[in-house]
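Below is one structure, written out as structure tokens; the observations come after it.
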Ligand SMILES: Nc1ncnc2c1ncn2[C@@H]1O[C@H](COP(=O)(O)OP(=O)(O)OP(=O)(O)O)[C@@H](O)[C@H]1O
Ligand SMILES: [Mg+2]
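Chains as they are written, first to last, in this note's numbering: chain A, 201 to 483; chain B, 3 to 381.
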């Protein structure tokens with residue numbers, strides 16, 4: 201069955217395989233490549249429609265500096281961090297707690313609560329646009345950091361709870377029985393047993409949630425208005441001029457915006473440790 | 003003082019009746035071994051004593067205190083799991099000190115307790131290692147050490163040695179017995195292993211289908227099982243059971259007719275309820291059989307299989323029309339255990355025999371009808 205290694209004695213198949221892999225990779229990376237190249241171009245190139253070719257003049261510093269000079273990119277960046285970091289932390293903390301309780305303490309109604317967490321993920325978020333905007337306006341949170349933080353925490357926690365519940369449920373149940381037999385309270389169990397063992401799951405979740413919140417454009421536009429609150433995704437559109445767009449500058453800004461999620465991945469990578477529960481049970 | 007008392011424990015898992023009104027009194031310092039077939043409720047009983055499972059009705063006291071509704075941590079128990087259940091992210095020392103740390107004991111006290119336990123179990127060199135860096139036997143010791151540091155009144159062991167190889171098992175068995183002598187705490191120990199049960203227990207509890215069949219010292223249970231179930235459960239190889247009928251019932255003995263043998267005169271206990279013509283089962287331990295015509299009741303048999311274990315020889319012989327029922331091997335052969343290496347050729351014809359005085363008689367309800375036998379045979 202798939203995936204099956206291609207035998208050594210089929211050079212043609214192996215060659216075709218390598219070629220196809222390269223092709224798929226190229227296709228996949230082509231847009232990114234174009235954006236990177238464009239971020240090096242001069243505005244003249246953009247005007248001339250040279251989007252794919254080699255830049256006639258490479259002006260890396262000019263373009264990237266322009267991002268910060270022509271717009272409040274730095275402010276937007278800060279806004280994004282102010283929204284994304286606390287939201288991500290809150291989602292991780294909350295989902296570890298809900299996941300622990302839902303996976304280890306069967307109480308009446310647990311299934312219903314779990315179903316609500318999961319079901320919330322299946323609602324198309326767009327249909328909630330008007331009610332949520334109205335809610336935020338009514339509560340006076342519209343156009344504040346809180347609007348986006350609260351919204352993202354509420355909606356990311358649903359998926360994160362599903363993820364954490366399943367991960368915690370897969371931990372050996374004897375560990376929890378042992379802790380309980382040793383007199384550990386549920387809080388102590390959460391802090392001393394669960395938290396250290398779910399580190400890989402939290403790292404994966406941190407990347408997902410961070411990227412998701414960081415990249416969100418829709419809700420940023422719906423729930424914010426002023427430059428003092430706007431995250432970088434919404435701010436990016438300010439760079440587009442009214443008549444002509446300086447695509448080279450926009451590209452440079454886009455690349456800058458993509459940096460934090462990538463950094464996040466490398467930061468979290470060392471927590472992806474397999475076999476954390478090795479030695480817990482049996483041979 | 004009673005250490006653990008179980009009064010009328012009853013538990014259901016949904017529709018399934020897991021524990022059926024269990025009563026048991028355990029004295030301080032006893033080493034209780036619970037045995038029984040798989041699924042009979044041994045682990046369930048242990049978990050209810052630990053407080054990890056609740057009971058429907060009944061009462062549990064530990065050290066005279068009613069703990070039926072108490073949290074496991076407040077019961078003065080420590081449990082050792084079959085699968086060790088070590089915390090994988092903590093070192094051996096942290097594992098062993100966990101319970102005390104959760105109880106917010108001073109660090110110095112924890113250190114002393116951990117050192118002491120490590121000394122007893124000879125794992126002092128391993129204290130800084132993680133569980134995954136240990137061998138199976140060492141892990142088992144850490145699991146036991148974790149129980150010791152909390153100095154509980156009652157230790158609960160759920161098949162703690164079943165993951166170890168035979169040599170390590172023997173070693174740990176001896177160590178556990180020594181530990182028990184050293185600590186003097188009450189221990190309740192679940193096992194499948196006959197040898198563990200016979201050697202470690204001060205009393206054995208035989209469980210079957212969620213109910214206690216018999217409680218008593220290992221030798222008492224072996225010599226005087228109250229019914230066919232206990233007789234068949236203790237002893238490896240298993241007792242031979244041969245179906246027959248009574249042809250004559252006197253005041254203190256009965257004549258029993260077995261296929262292929264002359265009627266046997268077997269003693270009856272006082273008050274044994276059996277009538278002439280009742281179906282009965284005769285039980286004969288494999289070691290009560292002898293090869294050759296020296297015994298009072300004998301018959302010819304053909305050797306089917308010989309297991310020569312060096313120190314002993316187990317012979318499976320087809321003695322039909324004399325046939326056994328419910329044997330380990332699933333055949334109707336008679337199992338004979340001989341005390342040393344004996345040259346018995348497969349397929350040869352031999353004469354097997356036993357002394358009716360060594361036989362047990364069980365009624366149709368399984369109850370033992372023969373009078374008590376001495377626990378130690380005088381020779
Ligand atoms: N959580 C549970 N839910 C439902 N039924 C259960 C549960 N735990 C145990 N049982 C049932 O209760 C019975 C007793 O189980 P238990 O684990 O006590 O058996 P055991 O005597 O320890 O067996 P073994 O020797 O195989 O470990 C079994 O029939 C099992 O199916
Ligand atoms: Mg069990």
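We put the CB at the ideal spot given by N, CA and C, even for glycine.
Should residue i be flagged as near chain B, meaning a C-beta pair shorter than 7 Å?
i: residue 483 of chain A; result: Residue placement at residue 483 of chain A is flagged as unreliable, the pLDDT there being 47, under the threshold of 50; the coordinate-derived value follows with that caveat. Yes, residue 483 of chain A counts as interfacial toward chain B.
i: residue 396 of chain A; result: yes
i: residue 299 of chain A; result: no
i: residue 369 of chain A; result: no
i: residue 403 of chain A; result: no
i: residue 378 of chain A; result: yes
i: residue 345 of chain A; result: no
Residue i CB to nearest chain A CB: under 7 Å?
i: residue 86 of chain B; result: yes
i: residue 19 of chain B; result: no
i: residue 174 of chain B; result: no
i: residue 67 of chain B; result: no
i: residue 200 of chain B; result: no
i: residue 256 of chain B; result: no
i: residue 100 of chain B; result: yes
i: residue 157 of chain B; result: no
i: residue 75 of chain B; result: yes
i: residue 54 of chain B; result: yes
For residue i, does the count of other Cβ atoms within 10 angstroms reach 16, so buried, or fall short, so exposed?
i: residue 311 of chain A; result: exposed
i: residue 375 of chain B; result: exposed
i: residue 483 of chain A; result: Any reading at residue 483 of chain A must be qualified, since the residue scores a pLDDT of 47, below 50, and its modelled position is unreliable; the value itself is stated next. With fewer than 16 other Cβ atoms within 10 Å, it is exposed.
i: residue 253 of chain A; result: exposed
i: residue 329 of chain B; result: buried
i: residue 49 of chain B; result: buried
i: residue 339 of chain A; result: exposed
i: residue 417 of chain A; result: exposed
i: residue 229 of chain A; result: exposed
i: residue 112 of chain B; result: buried
i: residue 18 of chain B; result: exposed
i: residue 91 of chain B; result: buried
i: residue 277 of chain B; result: exposed
i: residue 14 of chain B; result: exposed
i: residue 10 of chain B; result: exposed
Residue i touches chain A at which residues, Cβ-Cβ below 7 Å?
i: residue 24 of chain B; result: Within chain A, no residue comes near residue 24 of chain B; the closest Cβ sits about 20 Å away, beyond 7 Å.
Could you tell me whether the Cβ atoms of residue i and residue j are closer together than 7 Å?
i: residue 305 of chain B; j: residue 346 of chain B; result: yes
i: residue 352 of chain A; j: residue 403 of chain A; result: no
i: residue 192 of chain B; j: residue 36 of chain B; result: yes
i: residue 116 of chain B; j: residue 139 of chain B; result: no
i: residue 210 of chain B; j: residue 231 of chain B; result: yes
i: residue 148 of chain B; j: residue 97 of chain B; result: yes
i: residue 318 of chain A; j: residue 362 of chain A; result: yes
So which residues of chain B does residue i contact, with C-beta pairs closer than 8 Å?
i: residue 296 of chain A; result: Ordered by position in chain B, no residue passes the 8 Å Cβ test against residue 296 of chain A, which lies about 15 Å from the chain.
i: residue 435 of chain A; result: In chain order: nothing, as chain B lies at least about 42 Å away.
i: residue 372 of chain A; result: 85, 87
List, in chain order, every chain A residue whose beta-carbon is nearer than 9 Å to that of residue i.
i: residue 132 of chain B; result: 478, 479
i: residue 136 of chain B; result: 479
i: residue 79 of chain B; result: 381
i: residue 152 of chain B; result: 382, 383
Name the chain B residues that come within less than 7 Å of residue i, Cβ to Cβ?
i: residue 393 of chain A; result: 89
i: residue 388 of chain A; result: 104
Report the neighbours of residue i on chain E: residues whose CB is nearer than 7 Å to its CB, in chain order.
i: residue 375 of chain A; result: No chain E is part of this structure, whose protein chains are labelled A and B.
Which residues in chain A sit within 8 Å of residue i, going by Cβ to Cβ distance?
i: residue 141 of chain B; result: 479
- [ ] Give, in chain order, every unbroken run of the alpha helix (DSSP H) that is at least 4 residues long and sits entirely within the stretch 225-261 of chain B.
- [x] Within the stretch 225-261 of chain B, the complete alpha helix (DSSP H) runs of at least 4 residues are 230-235.
- [ ] For the stretch 180-220 of chain B, list the alpha helix (DSSP H) runs that are entirely contained and at least 4 residues long, ordered along the chain.
- [x] Those alpha helix (DSSP H) runs which fall completely within the stretch 180-220 of chain B and span 4+ residues are 196-202.
- [ ] Please go through the stretch 312-392 of chain A and give each complete alpha helix (DSSP H) segment of 4 or more residues, from N-terminal end onward.
- [x] Listed in chain order, they are 329-338, 345-369, 373-381, 386-389.
- [ ] Quick one: which unbroken alpha helix (DSSP H) runs of 4-plus residues sit fully inside the stretch 35-87 of chain B? Chain order, please.
- [x] Within the stretch 35-87 of chain B, the complete alpha helix (DSSP H) runs of at least 4 residues are 44-52.
Open item on the list: As an exercise, report each continuous beta strand (DSSP E) stretch of at least 3 residues that is fully enclosed by the stretch 280-350 of chain B, in chain order.
Closed with: Listed in chain order, they are 281-286, 299-310, 315-320, 336-340.
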